[in-house]
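Trainee: Those protein sequence lines, which keep their order, are chains A and B. Residues 4 to 205, numbered by the numbering used here, are exactly what the first sequence covers, in order. Residues 0 to 121, numbered by the numbering used here, are exactly what the second sequence covers, in order. Dumping the structure here so I can ask a few things about it.
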Amino acid sequence: MPNSIRLSELEEDLLTELFNLGVGNAASSLSEMVKQEIKLSVPAIEFLSIDQLADRLGGENSICSVSQIVSGPFTAQSMLLFPEENSLEIVRQLLGNDLPDDTLLELQKEAFSEIGNIVLNACIGSFSNALKEEFKVDLPIFELAKPGELLKLSNQEKDTALFIRIDLTLSTSQITGYMAFLMGSISLKQLKEALEKMLANL
Amino acid sequence: MPNNKTLMIVDDSKVSRMMISAIIKSTHPEINLLEASNAQEALEICQEKPVDFFSVDFNMPGIDGLELIGKLKTIYPDGRFALLTANIQDAIQQKTQQAGAVCINKPISEASIAKMLEYFHA
Numbered sequence: 004m005p006n007s008i009r010l011s012e013l014e015e016d017l018l019t020e021l022f023n024l025g026v027g028n029a030a031s032s033l034s035e036m037v038k039q040e041i042k043l044s045v046p047a048i049e050f051l052s053i054d055q056l057a058d059r060l061g062g063e064n065s066i067c068s069v070s071q072i073v074s075g076p077f078t079a080q081s082m083l084l085f086p087e088e089n090s091l092e093i094v095r096q097l098l099g100n101d102l103p104d105d106t107l108l109e110l111q112k113e114a115f116s117e118i119g120n121i122v123l124n125a126c127i128g129s130f131s132n133a134l135k136e137e138f139k140v141d142l143p144i145f146e147l148a149k150p151g152e153l154l155k156l157s158n159q160e161k162d163t164a165l166f167i168r169i170d171l172t173l174s175t176s177q178i179t180g181y182m183a184f185l186m187g188s189i190s191l192k193q194l195k196e197a198l199e200k201m202l203a204n205l
Numbered sequence: 000m001p002n003n004k005t006l007m008i009v010d011d012s013k014v015s016r017m018m019i020s021a022i023i024k025s026t027h028p029e030i031n032l033l034e035a036s037n038a039q040e041a042l043e044i045c046q047e048k049p050v051d052f053f054s055v056d057f058n059m060p061g062i063d064g065l066e067l068i069g070k071l072k073t074i075y076p077d078g079r080f081a082l083l084t085a086n087i088q089d090a091i092q093q094k095t096q097q098a099g100a101v102c103i104n105k106p107i108s109e110a111s112i113a114k115m116l117e118y119f120h121a
C-alpha cells in the first residue's frame, strides 16, 4: 500500500526554499573546487516507489555515487551522483591537469568522496542552521554501480521514498550530475513535523 | 634549524592531506609536515615527535576531530589547533570555539590554509 504521508503545499514550498539555500551553498563549494560556474536546477520533490527511483537515478547506466546518512530531527540518505564516464574529469578539475591519468584513477575514489563530503555537508549544514537543529553526518561512502544496485546497497526498504533531486551542471566542462535526498516513511513524518514547527514560528 | 615549527595534518582523506600539504609546502616550505589518517595514528606519532600545530579533520573513522583535539591538548597544552571541516553547522563552530580551536571550513584553498597558518603563528 503506498505511503499516504504527503506534504502540504506550504510545507513543500518551505522545503524547496530550504533546499535552494542548501544547494546554493553546496554549489558554491563545488564551484570553488572545480574552478567553474555551477548551474542549478530548481529542486524537484517527488514521492516514488523504489523501482521508479532507480529509473530517476539513471536506469541501467553505471553511476558514481557518494552517499552520506544524515540523522537529526529526521534521517535521510544524501547522495551526490555523476555519470561514470564524467567522474574522472571532475577529479581532474579538482586536482589539476598536472597529474597523469593513472594517478587520477588511483585517487578517483578518495577525491570523489571528498568532493561529495564537502558538497553534501554544505547542503545539510545550511538546512541544519535554518532549522536550528543539529544533524549527525556519517562518513561518505563511495560506490560505482548501476542505480538499482546502489539502492540495494543502501538498504532502502520503504515502499515509498521522498526523492528530492537537484541537477548540477559544471558550465565549462559541460558535465551534469545530481544531488539526491531519500527518506522513507518514518523520516518523512518527522520531516513534516519539523517543517510544521518552522512554519508555526514564522 | 631549531626555530622551524612542526605541523601535523590529521585527515582520513588522502586527497585532503595532499592538498593541504601542497599548499603549505608552496607557501611555508620551512614548516616540517607530519601526516596521520586517523586519531589513533596521530596520538601514536605524538608520542615520538614534538608537534607545534595541528590541522585536524572533524569527521573521521574512530574518534572525531574535536575529541582528538581534546586529547592532544593534554599532551600539548601550548599547541595550536585548527579543525578543518566540511561540516558548516553552527553547532560545530560553537563546539570548536569551546574546545579552544579555530574552525576552518573546507573546501581547502590557499585562502583557508593561509587563515589557518595566520592563526597558528599569532
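C-beta atoms are modelled at their ideal positions from N, C-alpha and C, and glycine is treated no differently. Since the model is a prediction, treat every value here as computed from it, not as a measurement.
Taking 8 Å as the threshold (beta carbon to beta carbon), is serine 131/A in contact with chain B?
Mentor: So, interface residue.
Trainee: DSSP state of proline 106/B, grouped into three classes?
Mentor: Three-state DSSP puts proline 106/B in coil, outside helix and strand.
Trainee: Take leucine 142/A as the anchor and find which of Ile41/A, Ser81/A, Leu60/A has the nearest alpha-carbon.
Mentor: Closest by alpha carbon: Ser81/A.
Trainee: Can you name the start and end residues of the beta strand (DSSP E) that serine 68/A belongs to?
Mentor: Looking at the DSSP string, the run of the beta strand (DSSP E) that includes serine 68/A is 66-74.
Trainee: Taking three-plus beta-carbon pairs below 8 Å as touching, is the region 12-23 of chain A in contact with the region 100-110 of chain A?
Mentor: At 8 Å Cβ cutoff, the stretches do not touch.
Trainee: Name the chain B residues that come within less than 8 Å of valine 140/A, Cβ to Cβ?
Mentor: In chain order: Asn58, Asn86.
Trainee: Check tyrosine 118/B in the structure and name its three-state DSSP category.
Mentor: It is helical.
Trainee: Please determine, among Val55/B, Asn86/B, Glu109/B, the residue with the shortest C-alpha to C-alpha distance to isoleucine 127/A.
Mentor: Checking every option, the nearest Cα to that of isoleucine 127/A belongs to Asn86/B.
Trainee: Which residues of chain A have a Cβ atom closer than 8 Å to the Cβ of lysine 13/B, listed in chain order?
Mentor: Ordered by position in chain A, the residues that pass the 8 Å Cβ test against lysine 13/B are Leu110, Glu113.
Trainee: Are the Cβ atoms of lysine 38/A and threonine 172/A separated by less than 8 Å?
Mentor: Not closer than 8 Å, so no.
Trainee: Secondary structure at lysine 42/A, three-state DSSP: helix, strand or coil?
Mentor: Three-state result, lysine 42/A: strand.
Trainee: On the DSSP letters alone, give me the boundaries of the beta strand (DSSP E) that methionine 182/A sits inside.
Mentor: That run of the beta strand (DSSP E) goes 178-186.
Trainee: Pull up the CB-CB distance for proline 76/A and alanine 197/A, whole angstroms please, since I reckon it's below 8 Å.
Mentor: Between alanine 197/A and proline 76/A the Cβ distance is about 5 Å, and since that is below 8 Å, they are a contact.
Trainee: So, glutamate 113/A versus valine 14/B, is the Cβ gap smaller than 8 Å?
Mentor: Yes, the pair counts as a contact, with Cβ atoms nearer than the cut-off.
Trainee: Can you look up isoleucine 19/B in the DSSP assignment and give me helix, strand or coil?
Mentor: Helix at isoleucine 19/B.
Trainee: Would you mind telling me which residues of chain B sit closer than 9 Å to serine 116/A, beta carbon to beta carbon, in chain order?
Mentor: Those within 9 Å of serine 116/A in chain B are Ser12, Val14.
Trainee: Should alanine 38/B be labelled buried (16 or more other beta-carbon atoms within 10 Å of its own) or exposed?
Mentor: With 16 or more other Cβ atoms within 10 Å, it is buried.
Trainee: Which of the three DSSP states, helix, strand or coil, is assigned to serine 157/A?
Mentor: Summary for serine 157/A: the model assigns pLDDT 45, below 50, so the residue's position carries little reliability; its value from the coordinates is reported in the next sentence. Note: serine 157/A maps to coil in three-state DSSP.
Trainee: Can you give the Cα-Cα distance for valine 50/B and threonine 78/A, rounded to whole angstroms?
Mentor: Cα to Cα, the separation comes out at about 39 Å.
Trainee: According to DSSP, is phenylalanine 52/B helix, strand or coil?
Mentor: Residue state, collapsed to three classes: strand.
Trainee: In the DSSP assignment, what residue or residues form a beta bridge with leucine 165/A?
Mentor: Phe50/A, Met186/A.
Trainee: What residue does the alpha helix (DSSP H) around threonine 175/A start on, and which one ends it?
Mentor: Segment: none, threonine 175/A is in no alpha helix (DSSP H) and carries neither H nor E.
Trainee: Going by C-alpha distance, which of Glu146/A, Leu202/A, Asn120/A is nearest alanine 30/A?
Mentor: Comparing Cα positions, the closest option is Asn120/A.
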